[in-house]
Each structure stands twice: as C-alpha cells, then as structure tokens.
Amino acid sequence: MAIIIDGKKTAQEIRAKLKIRVEKLREKGITPGLSVTLVGENAASKVYVSSKDAAAREIGMSSWTHKFPSDVSEIELREHLRCQNSDPAVHGILLQLPLPSHLPEEHLLNLIAAEKDVDGFHPVSLGNLMLGRPGFKPCTPWGVQVLLNRYGISTRGKHVVIVGRSNIVGKPLANLFMQKGEGADATVTVCHSATPDLAQFTRQADIVVAAIGCAEFIRGDMVKDGVVVVDVGINRVEDSSSPKGYRLCGDVHFSSVEPKASAITPVPGGVGPMTIAMLLANTVWSAESKTGISGPIDLF
Ligand SMILES: NC(=O)c1ccc[n+]([C@@H]2O[C@H](COP(=O)([O-])OP(=O)(O)OC[C@H]3O[C@@H](n4cnc5c(N)ncnc54)[C@H](OP(=O)(O)O)[C@@H]3O)[C@@H](O)[C@H]2O)c1
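All residue numbers in the sequence shown are consecutive under our numbering, ending with 301.
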C-alpha cells in the first residue's frame, strides 16, 4: 500500500514554524504584511483568496484583500499595484489569477516590485531560480519540493517526469529539481501536449508529477511499480451524488495508480495546502530581509 502524503498536515507544521518567525519579527516591530488583489467574481479565486487571508492572519501576519469589479481598467489596476509597491507595511503582493480577458496578465504581474513578488512569478524571481540563487520560489513547485523532502523522499539521482510545462508549475518545478543540492539533483524530463506516446516517459519515472489540468489523466498502466506520484491537478467533475453537484479530483486516476505507487499525494489534501504555506513563507522571508535576516527559509 502506498504512503499517502498528507499535505494538509505538512502545511500545518510549516505554518507553525512560520508563526514563531512572525512572533520574532513582531518583537522587533515588524508585522509581515500580505496584499492580495482580486478582480471579478471567479468563484474558485474567491475561495483561494479567503483561504490565503485566513492562513496569513492565523500566523499573526497582516493581510489585506483589495477587490475590484471585473470591468476595472488596466490604468486603475496599475496605479493600485504601484501603491502596494511603495507601501512599507506590505512585504508581499499577490495578484490573483486568472484576470478578466481585457487585462494583460503578464504585463501586470511584471509591475509587482521584484522584492515583493511572493508568488515568485516575476522574471527576476524566475531568473534567480534558474541560476540557483536565493529568491522567491513559485509557491506550488516549492510546495512539491518541500512535501517530498519532509516525507524523506529523495530526488537525488532519480528520474523525475513532469507532465505539464506551464510557467507557474511545470517549468519552475523542473528548474528546482535540476539544481544542485538537497531536494534536487534529479534527472528531469518535462512532457506536454506535443509529447508523443507520453506513457513511454511516465513508465520510466521514479517520480511522476502531474500538472496538466485534465481530470484523472494519469492511469495505473502509465506508471511503474514503486513510483512516487505527485498530483498537482485540481479539477471539478460533475457528481450528482454530491450536494454541491461536483467533486474535486486531481490529474491522477487515484484508484488505479495508488496500488502501484510507493507514495502518492491525494486531491484534495495533497499539494493544494502546501501552496498557501509557501506563500506565507515567501512573505515572512520578505519581511525578514528588511531586518537584515536575509538567509533563505529552510523548511526541509
Ligand atoms: N495545487 C495547487 O495549488 C495548484 C496550483 C496551480 C495549478 N494547479 C492545478 O494544476 C493543474 C495544472 O495547472 P497549470 O496552471 O500548470 O495548467 P496549464 O497552464 O493549463 O498547463 C497545463 C500543461 O499540461 C499540458 N497538457 C495539457 N494536456 C495534455 C496532454 N493531453 N498530454 C500532455 N500534456 C498536456 C499542457 O501542454 P502544452 O504546454 O503543450 O499546452 C501544459 O503544459 C490544473 O489542474 C490546476 O488547477 C494546482
């Protein structure tokens, strides 16, 4: 039977560690502050934003949610982000995605000051990540790395196959795993929609990471015995037996993959909670760097 990797519990442990660091900062008169900007009425985004806000407050941070209607102009949003950049109480800025189609997502993300880019999406953060330098790491990939490490699953010398090459998950995760050092040193293959015979790659993997956005796409016949499986996907599928009319599932077909796996993350309760914990870690680190405590946070 596979070990079920409990992201909820691990995220809780990380938040407890961060709370202690926040207390130390507050003793020095600094309260780490997270500014979240939400545009429009996307139901999933509203849930994510309120979870981030609650998690930040729970560990003693300040958290502000700035809500804008879906027809907000680009100029107004740019001005708002500039104010957040110059506010000394704000140590981290997050622009919740997706944005309505009239707003240029990438351009607006690039307006966030690199030193407050706690989502880790700014080109400066991604450049530091690629070069193996300290900096903000994108929250979901960093969460995957920390989760494996805390379960004693080494990536050193392992073949990691990542399915998905998005800028927020697949590409940065490949960069994290291919670095030198603890939690990395892997041989990484990145697959995507133009990969022919995907299963020939996933079957060779010691560790498979699914970040595709297709419900239950990775099935038992696509992995080898003893594989470690990390399911990043969050999909809503219709389910008339559920009061909500849907259920959440990942990109991995859990019931056929789990019997072959040595360890696997569930959905929900796997990678998802880690993403928020790493966002808080980036914000605490940002605040600490203002006090001269500038080393990266070690959560392994
Ligand atoms: N747990 C969390 O906190 C968290 C955070 C972020 C995302 N997610 C979830 O993770 C999933 C992926 O998110 P994302 O933002 O990375 O998605 P995305 O931007 O849509 O990227 C999906 C990737 O999967 C690839 N792909 C799609 N269909 C494929 C197929 N049939 N075969 C092989 N590759 C295929 C795409 O290839 P191409 O590049 O060729 O199109 C793309 O690289 C989603 O379910 C999302 O909700 C979860």
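Glycine included, C-beta positions come from ideal geometry on N, C-alpha and C.
Inset, instruction - Pull up the distance between the alpha-carbon of N236 and that of G251, whole angstroms please. - result: So the alpha carbons of these two residues sit roughly 6 Å apart.
Inset, instruction - Tell me whether S52 counts as near ligand 1, meaning its Cβ is closer than 6 Å to at least one heavy atom of that ligand. - result: Not under cutoff, so the answer is no.
Inset, instruction - On the DSSP bridge assignment, give the partners of S64 in chain order. - result: L35
Legend entry - Test item: CB-CB of A288 and P89 under 7 Å: no
Inset, instruction - Please report the Cβ distance between V224 and T190, rounded to the nearest whole angstrom; I am assuming they are in contact, meaning their Cβ atoms lie under 8 Å. - result: Contact check for V224 and T190: beta-carbon distance about 14 Å, past the 8 Å limit, so the pair fails to qualify.
Legend entry - Span of the alpha helix (DSSP H) around S257: F255 to V258
Inset, instruction - Quick one: grab the DSSP three-state call for S126. - result: Of the three classes helix, strand and coil, the one that applies to S126 here is helix, per DSSP.
Legend entry - Whole-angstrom C-beta distance between V258 and V231, which should lie under 8 Å: Between V258 and V231 the Cβ distance is about 11 Å, and since that is not below 8 Å, they are no contact.
Inset, instruction - Determine the closest residue to G184 out of V125, K29, D299 and G136, with distance taken between C-alpha atoms. - result: D299
Legend entry - Between the CA atoms of A262 and R220 - distance to the nearest angstrom: 11 Å
Legend entry - Per-residue burial, Y247 [other beta carbons within 10 Å of its own, 16 or more giving buried]: exposed
Legend entry - Beta carbon of I302 nearer than 7 Å to that of V229: Given that the chain is displayed from residue 2 to residue 301, the structure contains no residue 302 and the question cannot be resolved.
Legend entry - Sub-7 Å separation of V60 and R27 beta-carbons: The residue you asked about is not Val; residue 60 is Ile in the sequence shown. Against a cut-off of 7 Å, the Cβ pair of R27 and I60 comes out as no contact.
Legend entry - Reference P139; option with closest CA among V162, L95 and L100: L95
Inset, instruction - Would you kindly work out how many angstroms separate the C-alpha atoms of D54 and D7, rounded to a whole number? - result: 22 Å
Legend entry - Closer than 6 Å: A212 CB and nearest ligand 1 heavy atom: yes
Inset, instruction - Compute every distance between the C-beta of S1 and the non-hydrogen atoms of ligand 1, then say whether any falls below 6 Å. - result: This structure does not reach residue 1, given that the chain is present from 2 up to 301, and the question cannot be answered.
Inset, instruction - Grab the span of the beta strand (DSSP E) containing N43 for me, first residue to last. - result: Where N43 is concerned, there is no enclosing beta strand (DSSP E), given that its DSSP letter is neither H nor E.
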